[in-house]
Amino acid sequence: MGGKKAGSPDKLIVNGKRLDGRKLDELRPITIKAGVIPNADGSCALTMGETRVVAAVYGPRECFPKHFQLQDRAYMECIYTMVAFSTTDRARPGPSRRSTEISKVIKDALLPAVFMEKYPRTKIDVYIEVTNANAGTRTAAINAAAVALADAGIEMRDIVTAIASGKIEGQVALDLFEPEDNFGEADMPLAMMPKTKEITLLQLDGEITREEAEQMIEMSMKACEEIYELQKKALKDKYASEKSAEVEGEGDENGSV
Amino acid sequence: MDQYKTLVTSLLEKGLRHDSRKLMDYRPIEVEVNPIPRANGSARVKIGNTEVIVGVKFDVGTPFPDTQDEGVLMVNAELSPLANPDFEPGPPGPAAVELARVVDRGIRESHCIDFTKLCIKEKEKVWMTFVDIYPMNDDGNLLDAAALAAVIALKNAVLPKYDEKEEKVMFKEMSKKKLDMSKLPVLVTFAKNASYIFIDPDRKEENVLDTRLSVSSLADGKLVAMQKGGQGTFTKEELLNIFDLAVEKAKEHRKLIK
Chain C
11 MGGKKAGSPD
21 KLIVNGKRLD
31 GRKLDELRPI
41 TIKAGVIPNA
51 DGSCALTMGE
61 TRVVAAVYGP
71 RECFPKHFQL
81 QDRAYMECIY
91 TMVAFSTTDR
101 ARPGPSRRST
111 EISKVIKDAL
121 LPAVFMEKYP
131 RTKIDVYIEV
141 TNANAGTRTA
151 AINAAAVALA
161 DAGIEMRDIV
171 TAIASGKIEG
181 QVALDLFEPE
191 DNFGEADMPL
201 AMMPKTKEIT
211 LLQLDGEITR
221 EEAEQMIEMS
231 MKACEEIYEL
241 QKKALKDKYA
251 SEKSAEVEGE
261 GDENGSV
Chain Y
50 MDQYKTLVTS
60 LLEKGLRHDS
70 RKLMDYRPIE
80 VEVNPIPRAN
90 GSARVKIGNT
100 EVIVGVKFDV
110 GTPFPDTQDE
120 GVLMVNAELS
130 PLANPDFEPG
140 PPGPAAVELA
150 RVVDRGIRES
160 HCIDFTKLCI
170 KEKEKVWMTF
180 VDIYPMNDDG
190 NLLDAAALAA
200 VIALKNAVLP
210 KYDEKEEKVM
220 FKEMSKKKLD
230 MSKLPVLVTF
240 AKNASYIFID
250 PDRKEENVLD
260 TRLSVSSLAD
270 GKLVAMQKGG
280 QGTFTKEELL
290 NIFDLAVEKA
300 KEHRKLIK
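Going line by line, the protein sequences match chains C and Y. Letter 56 of the first sequence, counting from 1, is numbered 66 in the working numbering, and no numbers are missing. Letter 60 of the second sequence, counting from 1, is numbered 109 in the working numbering, and no numbers are missing.
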């Protein structure tokens, strides 16, 4: 990176801590809630620090337009969008080149996990809205979409988990937030299936050595394990709340008998 | 399609490919510099039967608000139906957008162009560099062909004259100013089918591959951009192996940049 960019903070790391007080290998606080959109077959709201996303899954359902229909498996459509007020400058609604590419890589990241062949001639729609953007939106989107797919009861090999690592002031750091994303040296989003450790998404923006690449991959893979537990917990919490509602219902019936 | 996939995989098991290449062999690469006189810089790159033309055009415009003393780079790809029976006319789809953005990322993130040198008047006027990618024949691996052609076209591009008094570009008069390309990013694409990794997939192989990874690197071995595509997966060990191979292969391609 050449000179300092306009608006760049003096330092991104002060006394070994990042501007938001995190250590280099520390995630932002994450909250995940499954089943937030009653209309959807599966859904999830997820926050990673100030980054907020909502994902909804509709399907497997009839495939429209018909010519997308596949005889031996399902067709997936994945649409990532940013709501107009999610960014510093208003984001023009509708698809952009950036969102078109991100939609594509999210789909490529999710598909290895889904048993698409179990749902021939159907379509699975994955819609993701970024409601507040503060870096890491594509990885947050993948984490939310994976939970939404599981929440929809779609059969999967595993829950896909994603996180980005980057480089700030020459040091490898986990889960960049906005100032680090804007003024750091590199950003590498990664998604994987934690059970088999197979990597389903890898991108890189910025200059790194091969050793740094290895360090970043390892750092991300470790963090994915943490996020994976939160994703599973979100699903369990949702089913636990459904089950207790059922039990209560049965209780009423029994009571009336 | 499934039969063809079985064939490709069974050949890979023996270390072979349908066109008799070895797994880490590229098809022959041909480079032509400035084939388009009207462009400010251009290149034609052939990798086997894949052919891509990239042209560079300059114009003057206003800078982005967050980089007010820097020129602007715009990379666009048009997948014209003349190049592939599967391409359809219309606005760029995900494949075209990905192609343009991966090429863009390699150039931008390598900082091979000093955009502050493309500033005419801070906050008001900067050079806009338009890189347009046009595949003429898509026989697979458009990514590497387009990335190579884009770097060659940029390296050979000459800026038109700018009339400071009139504040306009004199498109018909060329200056002697070129982009100072301090580094040369080279993109190398790997494909994976079953557990076999091979380089430079052609169209037949692309149609059946599980996944691919494109890595852009510099002469000093730094990695500057990556993109995984397709619906398969990689292991960490495979990725680290690919990084090393990408840097090695890029050295060969860098020799072709004139």
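Yeah, the Cβ is synthetic: ideal placement off N, Cα and C, and Gly gets one too.
For this session: Indicate whether at least one CB of chain C lies closer than 8 Å to the CB of L289 of chain Y.
Result: Output row for L289 of chain Y: interface = yes.
For this session: Tell me where the beta strand (DSSP E) around A81 of chain C begins and ends.
Result: Here the sequence assigns Gln to residue 81 of chain C, which means Ala is not the residue at that position. Where Q81 of chain C is concerned, there is no enclosing beta strand (DSSP E), given that its DSSP letter is neither H nor E.
Problem set entry | Terminal residues of the alpha helix (DSSP H) in which I116 of chain C lies | Note, I116 of chain C: alpha helix (DSSP H), R107 to L120.
For this session: Would you please verify whether the beta carbon of F292 of chain Y is less than 8 Å from any beta carbon of chain C?
Result: Taking Cβ atoms only, chain C reaches closer than 8 Å to F292 of chain Y, which makes this a yes.
For this session: List the residues of chain Y that P19 of chain C touches, going by C-beta distances under 8 Å, in chain order.
Result: Near P19 of chain C there are no residues of chain Y at all, since even the closest Cβ is about 14 Å away, more than 8 Å.
Problem set entry | Partners in chain Y for K253 of chain C, counting only beta-carbon separations shorter than 7 Å | Within chain Y, no residue comes near K253 of chain C; the closest Cβ sits about 34 Å away, beyond 7 Å.
For this session: Measure the beta-carbon distance from G194 of chain C to L22 of chain C and round it to whole angstroms, keeping in mind my assumption that it falls under 8 Å.
Result: At roughly 7 Å, the Cβ-Cβ gap stays under 8 Å, so G194 of chain C and L22 of chain C are in contact.
For this session: Report the three-state DSSP secondary structure of V267 of chain C (helix, strand or coil).
Result: At V267 of chain C, the pLDDT of 39 sits below 50, so the modelled position is not reliable and the matter cannot be decided from this model.
Problem set entry | Residues near G265 of chain C by beta carbon distance below 6 Å, same chain, minus five either side | Low confidence applies here, because G265 of chain C scores a pLDDT of 43, under 50, leaving its location unreliable and the question unanswered by this model.
Exercise. Just how far apart, CA to CA, sit R93 of chain Y and S109 of chain C?
Worked result: One C-alpha to the other measures close to 30 Å.
For this session: Identify, in the order they occur along the chain, each residue of the same chain with its Cβ nearer than 7 Å to the Cβ of Y85 of chain C, setting aside the five sequence neighbours on each side.
Result: Excluding positions up to five away in sequence, the list reads C73, F78, Q79 and K133.
For this session: Give me the Cα-Cα distance between V109 of chain Y and I156 of chain Y, rounded to the nearest whole angstrom.
Result: One C-alpha to the other measures close to 20 Å.
For this session: Would you verify that the beta carbon of I47 of chain C is, or is not, closer than 8 Å to some beta carbon of chain Y?
Result: Not a single CB atom of chain Y sits nearer than 8 Å to the CB of I47 of chain C.
Problem set entry | Classification of R261 of chain Y by the beta-carbon crowding that lies within 10 angstroms, buried from 16 upward | Label assigned to R261 of chain Y: buried.
Exercise. At a CB-CB cut-off below 8 Å, which residues of chain C make contact with L272 of chain Y?
Worked result: In chain order, L214, E217, I218, T219, R220 and A223 make up the part of chain C whose C-beta sits under 8 Å from the C-beta of L272 of chain Y.
Exercise. Is there at least one Cβ from chain C nearer than 8 Å to R70 of chain Y's Cβ?
Worked result: Taking a beta-carbon distance threshold of 8 Å, R70 of chain Y does not count as an interface residue toward chain C.
Exercise. Which chain C residues are close to S244 of chain Y, counting only those with a beta carbon under 7 Å from its beta carbon?
Worked result: Residues of chain C passing the Cβ test: none, with the nearest at roughly 11 Å.
Exercise. Closest to K275 of chain Y by CA distance: which of C:I237, C:I218 and C:Y249 is it?
Worked result: Inspection of the sequence shows that residue 275 of chain Y is occupied by Met rather than by Lys. Closest by alpha carbon: C:I218.
For this session: Below 6 Å CB to CB, which residues in the same chain sit around K232 of chain Y once its five sequence neighbours on both sides are set aside?
Result: Result list for K232 of chain Y: S159, C161 and L267, in chain order.
Problem set entry | Cβ-based burial, R76 of chain Y [other Cβ within 10 Å; buried from 16] | That one is buried.
For this session: Would you tell me roughly how many angstroms separate the C-alpha atoms of A196 of chain C and K253 of chain C, rounded to the nearest one?
Result: One Cα belongs to A196 of chain C, the other to K253 of chain C, and the distance between them is close to 45 Å.
Problem set entry | Own chain partners of I152 of chain C with C-beta closer than 8 Å, once the 5 adjacent residues on each side are dropped | The residues are I116, A119, L120, V170, T171, A172, A201 and L211.
Exercise. Which residues, in order along the segment 135 to 147 of chain Y, keep a beta-carbon less than 7 Å from a beta-carbon of chain A?
Worked result: Included in the structure are the protein chains C and Y, with no chain A among them.
Exercise. So the beta strand (DSSP E) L208 of chain Y belongs to, where does it begin and stop?
Worked result: That run of the beta strand (DSSP E) goes V207 to D212.
Problem set entry | DSSP state of I248 of chain Y mapped onto helix, strand, coil | Look at I248 of chain Y here: in three-state DSSP terms it is strand.
Exercise. To which residues does DSSP link T260 of chain Y through a beta bridge?
Worked result: Partner residues in the beta bridge of T260 of chain Y, as assigned by DSSP, are Y:K241 and Y:G279.
For this session: Please list the partners that G275 of chain Y has in chain C, where partner means a Cβ-to-Cβ separation under 9 Å.
Result: A small fix is needed here, since residue 275 of chain Y is Met in this sequence, not Gly. In chain order, M198, L212, Q213, L214, D215 and A223 make up the part of chain C whose C-beta sits under 9 Å from the C-beta of M275 of chain Y.
Problem set entry | Secondary structure of C161 of chain Y, DSSP reduced to three states | Here C161 of chain Y sits in coil by DSSP.
Exercise. Going straight from the alpha carbon of D217 of chain Y to that of T91 of chain C, what length do you get?
Worked result: Residue identity differs from the one stated: residue 217 of chain Y is Lys in this sequence, not Asp. The straight-line gap from Cα to Cα measures roughly 38 Å.
Exercise. Which runs of the alpha helix (DSSP H), 4 residues or longer, sit entirely within the segment 204 to 250 of chain C?
Worked result: Listed in chain order, there is nothing to give.
For this session: Can you have a look at N49 of chain C and say buried or exposed, based on whether 16 or more other CB atoms are within 10 angstroms of its CB?
Result: Exposed.
For this session: Leaving out five residues on either side along the sequence, give the residues of the same chain with a beta carbon under 6 Å from the beta carbon of A126 of chain Y.
Result: Sequence-distant Cβ neighbours of A126 of chain Y in its own chain, meaning closer than 6 Å and more than five residues away, are A145, L148, A149 and I182.
Exercise. Quick one: what does DSSP say E254 of chain Y is sitting in, helix, strand or coil?
Worked result: Note: E254 of chain Y maps to helix in three-state DSSP.
For this session: Could you confirm whether any beta carbon from chain C is found closer than 8 Å to the beta carbon of E158 of chain Y?
Result: Yes, E158 of chain Y counts as interfacial toward chain C.
Problem set entry | Inter-stretch contact at 8 Å, needing at least 3 Cβ pairs: the segment 126 to 140 of chain Y / the segment 184 to 201 of chain Y | With a cut-off of 8 Å, the segment 184 to 201 of chain Y and the segment 126 to 140 of chain Y count as touching, because enough Cβ pairs lie within range.
Problem set entry | Cβ neighbour criterion (16 or more within 10 Å) applied to V175 of chain Y | With 16 or more Cβ atoms within 10 Å of its Cβ, V175 of chain Y is classed as buried.
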